[in-house]
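S.K.: This is the structure I want to talk about, given as C-alpha cells.
There are 2 protein chains.
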Amino acid sequence: MPDPVDFYFDFSSPYAYFAVTKIDELAAEFDRDVVWHAFMLGPAFKMTDNAPLIDQPVKGNYCANDWARLARFMKLPWSMPDPFPIATLAAGRAFYWIGDEDRALAKRFALACFDTYFGRGEDITAAEKVADIAESLGIDRAGLLEAVADPAVKQRLKDETQVALDAGVFGSPFFIIDGEPFWGADRLWMVKRWLKAGGW
Amino acid sequence: MPDPVDFYFDFSSPYAYFAVTKIDELAAEFDRDVVWHAFMLGPAFKMTDNAPLIDQPVKGNYCANDWARLARFMKLPWSMPDPFPIATLAAGRAFYWIGDEDRALAKRFALACFDTYFGRGEDITAAEKVADIAESLGIDRAGLLEAVADPAVKQRLKDETQVALDAGVFGSPFFIIDGEPFWGADRLWMVKRWLKAGGW
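Okay, structure coming up:
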C-alpha cells in the first residue's frame, strides 16, 4: 500500500470544513489512507505575516459569500459562526488524545466538531462544548476534560503545530502527498489528479 | 445573448497566465462573451493589506512550485521571470489603447504579453519591449509608444483600476458573472458550473 496522504487542518477553518468530508473517500479511490493532523493556524499566520480571511478588507466579504456558496454547492449545512475565527485549542488537544487510542474515532470526532461549528454555527471554543461533542460519540467525558487541561496534551498540540510548520504548512486545509504540497479546498481536483497520475 | 463575463487581470499575475488561455473558450460554451479588464494589483494589495505572493514567507516557495506544476499540468511554457513581480503600466495602458480600436486584437496582445513574461521569462516592464510585442501583431509601434506616455491613456488605466476595486476585485484573476464574484485560476471549474447552472 502506498504512503498515506497527510492532511493538515485547523478546526476554525471554513475551507477545511469543505475538505474534511471529501479527503478520505478521494484518497481511498487510490488505495491511500489519510493521516489527519490538527494544528493551530495562528502560529502559521504569524510565520507568513497573514491575517484571518474574515479580517481582510474586501476579501473577507468575498470569502463569507464563497463559504455559503460552497456549502450550497456541496449540499452541506452552513451557518456562519459567531465568534469567528476562534482558538480551537480544546478541540485540537482532544483530537490527539482521542486519536492516540482510536484514529477512526478521532476523525469522527473532528467531523462532528466541524459540523457543530460551521454546520450549526455553535461556538466550540469551550472545553465543555468539546466534551459534549465527544460524549455524543461515546467518548469518556471526564477523561477528555482532564486531558485537555493536561500539560503533556497541551504540549502535544504545540509540537504537532511546529511539525506542520516545519513541513511547510501555512494554511488550512493543506495536503502533502509523497512530499508534494497542496493548499486549499479548491485543490482537491489537483490532489485527485496527482494521486491518479503519481505526479507530473 | 446573456451578459458577458467580466475578467480582471494584472499582467504580472502568474495565476492570470493560467486563466487567460481558458476563459474565452469556457464562456463561449455558454454563449457568453468575455470582457477583459487589465488593472493594477498594487492598489488592490494596498486596499486589502496584502503583499505579492512571492514575498510572503513559506507561501512564496509554495507558489513558485505551484506555478511550475500548473504549467506542466496545462502543458503551457513556463519560465519564472526575473524581475518578478513588475509594475506592468506600459502593457496595461497599451491594452486599453489597442482595445478601443479592436477588442479582439487587444486580447491577442495580452496573450502575447503573458507568453513573453511567463512563457519566456522576458521582462515586459519597458515600453519598448511592449512595443516589440505589439509590433509583432501588426500594431503601429510609434503610435503605441506615444499612447503609453499620453496622460489621458495613463489616467485610463488608473480609472479602470478604480472601477475594478469598486466592483470588489482584490486579486488576479478575478471573474464577475451577473454580479457574482469568483477569485482565482483554481475557480475556473466553479465559473463553469455557475455558467452552466445559472447559479445555485
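Same order as they appear, the protein sequences are chains U and H. Each residue of the first sequence is one higher than the one before, counting from -11 in this note's numbering. Each residue of the second sequence is one higher than the one before, counting from -11 in this note's numbering. The beta-carbon is built from N, C-alpha and C at its ideal position, and this holds for glycine as well. Note that the structure is predicted; figures quoted are calculated from it, not measured.
Pick out whichever of H:Trp188, H:Met28, H:Ala15, H:Lys10 has its Cα sitting closest to the Cα of Ala152 of chain H.
M.R.: The shortest C-alpha separation from Ala152 of chain H is found at H:Met28.
S.K.: Can you round the beta-carbon distance between Pro161 of chain U and Ser1 of chain U to whole angstroms, since I take them to be within the 8 Å contact cut?
M.R.: Going by Cβ atoms, the distance from Pro161 of chain U to Ser1 of chain U rounds to 7 Å, so yes, they are a contact pair.
S.K.: Under 7 Å Cβ to Cβ from Asp166 of chain U, same chain only, skipping five residues before and after it: list those, please.
M.R.: Here the set comprises Asp(-9).
S.K.: What residues from chain U crowd round Lys47 of chain H, counting only those whose CB sits closer than 7 Å?
M.R.: The answer, in chain order, is Thr36, Phe158.
S.K.: Between the Cα of Pro169 of chain H and the Cα atoms of U:Arg81, U:Ile74, U:Ala137, U:Tyr50, which residue gives the shortest distance?
M.R.: Of U:Arg81, U:Ile74, U:Ala137, U:Tyr50, the residue nearest in Cα terms is U:Tyr50.
S.K.: Can you pull out the residues from the region 55 to 72 of chain H whose beta carbon lies closer than 8 Å to at least one beta carbon of chain U?
M.R.: So the close ones are Arg57, Arg60, Phe61.
S.K.: Check whether the Cβ of Asp174 of chain U lies closer than 7 Å to any Cβ atom in chain H.
M.R.: With 7 Å as the cut-off, Asp174 of chain U counts as an interface residue toward chain H.
S.K.: Check whether the Cβ of Gln150 of chain U lies closer than 7 Å to any Cβ atom in chain H.
M.R.: No, Gln150 of chain U does not count as interfacial toward chain H.
S.K.: On the three-state DSSP scale, how would you describe Glu264 of chain U?
M.R.: For residue 264 of chain U there is no data in the structure shown, the boundaries of chain U being -11 and 188.
S.K.: Quick one, which of H:Tyr84, H:Ala92, H:Met35 has its alpha-carbon nearest Ala140 of chain H's?
M.R.: Measuring from the Cα of Ala140 of chain H, the nearest candidate turns out to be H:Tyr84.
S.K.: Starting from Val(-7) of chain H, trace the beta strand (DSSP E) in both directions and tell me its first and last residue.
M.R.: Its beta strand (DSSP E) spans residues -7 to -3.
S.K.: Measure from the alpha carbon of Ala135 of chain H to the alpha carbon of each residue in H:Phe33, H:Ala78, H:Val157, H:Asp120, then state which is nearest.
M.R.: Among H:Phe33, H:Ala78, H:Val157, H:Asp120, the Cα nearest to that of Ala135 of chain H is on H:Ala78.
S.K.: Is Pro69 of chain H helix, strand or coil when you go by DSSP?
M.R.: Three-state DSSP puts Pro69 of chain H in coil, outside helix and strand.
S.K.: Starting from Trp24 of chain U, follow the beta strand (DSSP E) in both directions and report where the run begins and ends.
M.R.: Counting along the chain, the beta strand (DSSP E) containing Trp24 of chain U begins and ends at 22 to 26.
S.K.: Check for me: the alpha helix (DSSP H) holding Pro139 of chain H runs from which residue to which?
M.R.: Residues 139 to 154.
S.K.: Would you verify that the beta carbon of Pro169 of chain H is, or is not, closer than 7 Å to some beta carbon of chain U?
M.R.: At least one chain U Cβ lies under 7 Å of Pro169 of chain H.
S.K.: Reducing DSSP to helix, strand and coil, say where Trp188 of chain U ends up.
M.R.: Note: Trp188 of chain U maps to coil in three-state DSSP.
S.K.: Compare the C-alpha of Asn221 of chain U against each of H:Ala32, H:Arg181, H:Trp171 and name the closest.
M.R.: One cannot answer for residue 221 of chain U here, as it falls past the ends of chain U, which runs -11 to 188.
S.K.: For Gln143 of chain H and chain U, any beta-carbon pair shorter than 7 Å?
M.R.: No - not a single Cβ of chain U is within 7 Å of the one on Gln143 of chain H.
S.K.: Rounded to whole angstroms, what is the Cα-Cα separation between Gly107 of chain H and Ala137 of chain H?
M.R.: When rounded, the distance between both Cα atoms is 27 Å.
S.K.: Are Pro31 of chain H and Thr113 of chain H touching if we call contact CB-CB under 7 Å?
M.R.: No, Cβ-Cβ distance for Pro31 of chain H and Thr113 of chain H is not below 7 Å.
S.K.: For the beta strand (DSSP E) that Glu168 of chain U lies in, which residues bound it at each end?
M.R.: From DSSP, the beta strand (DSSP E) with Glu168 of chain U extends over 168 to 171.
S.K.: Between Tyr50 of chain U and chain H, is any beta-carbon pair separated by less than 7 Å?
M.R.: Yes, because at least one Cβ of chain H sits closer than 7 Å to the Cβ of Tyr50 of chain U.
S.K.: Thinking C-alpha only, which one of H:His25, H:Val(-7), H:Lys184 is nearest Asp12 of chain H?
M.R.: Comparing Cα-Cα distances from Asp12 of chain H to each of H:His25, H:Val(-7), H:Lys184, the minimum goes to H:Val(-7).
S.K.: Would you mind sorting Leu145 of chain U into buried or exposed? The rule is 16 or more other CB atoms within 10 Å of its CB.
M.R.: Burial call: buried.
S.K.: For Thr36 of chain H, collect the residues of the same chain with a Cβ closer than 7 Å to its Cβ; drop the 5 residues on either side in sequence, then sort them by chain order.
M.R.: Once the five neighbours on either side are set aside, the close Cβ partners of Thr36 of chain H are Phe158.
S.K.: In chain H, what lies closer than 9 Å to Trp190 of chain U by C-beta?
M.R.: This structure leaves residue 190 of chain U out entirely; chain U is present only between -11 and 188.
S.K.: What is the residue span of the alpha helix (DSSP H) that Phe83 of chain H lies within?
M.R.: 77 to 89 is the span of the alpha helix (DSSP H), which, as asked, contains Phe83 of chain H.
S.K.: List, in order along the chain, the chain H residues whose C-beta lies closer than 9 Å to that of Asn177 of chain U?
M.R.: Before going on, a small fix: residue 177 of chain U reads as Trp here, not Asn. Ordered by position in chain H, the residues that pass the 9 Å Cβ test against Trp177 of chain U are Asp174, Trp177.
S.K.: For a test of the three-state rule: what should DSSP assign to Ile112 of chain H, helix, strand or coil?
M.R.: Coil.
S.K.: Along the alpha helix (DSSP H) that carries Phe6 of chain H, what are the first and last residues, could you check?
M.R.: 2 to 8 is the span of the alpha helix (DSSP H), which, as asked, contains Phe6 of chain H.
S.K.: On the DSSP letters alone, give me the boundaries of the alpha helix (DSSP H) that Phe33 of chain U sits inside.
M.R.: Start and end: 29 to 36.
S.K.: Classify Ile127 of chain U as helix, strand or coil using the three-state DSSP reduction.
M.R.: In the structure shown, Ile127 of chain U sits in coil (DSSP, three-state: anything other than H, G, I, E or B).
S.K.: Specify the secondary structure class of Ile74 of chain U as computed by DSSP and reduced to three states.
M.R.: Note: Ile74 of chain U maps to coil in three-state DSSP.
S.K.: Is it buried or exposed, Ala130 of chain H, if we count other Cβ atoms within 10 angstroms and call 16 or more buried?
M.R.: When all chains shown are included, Ala130 of chain H counts as exposed.
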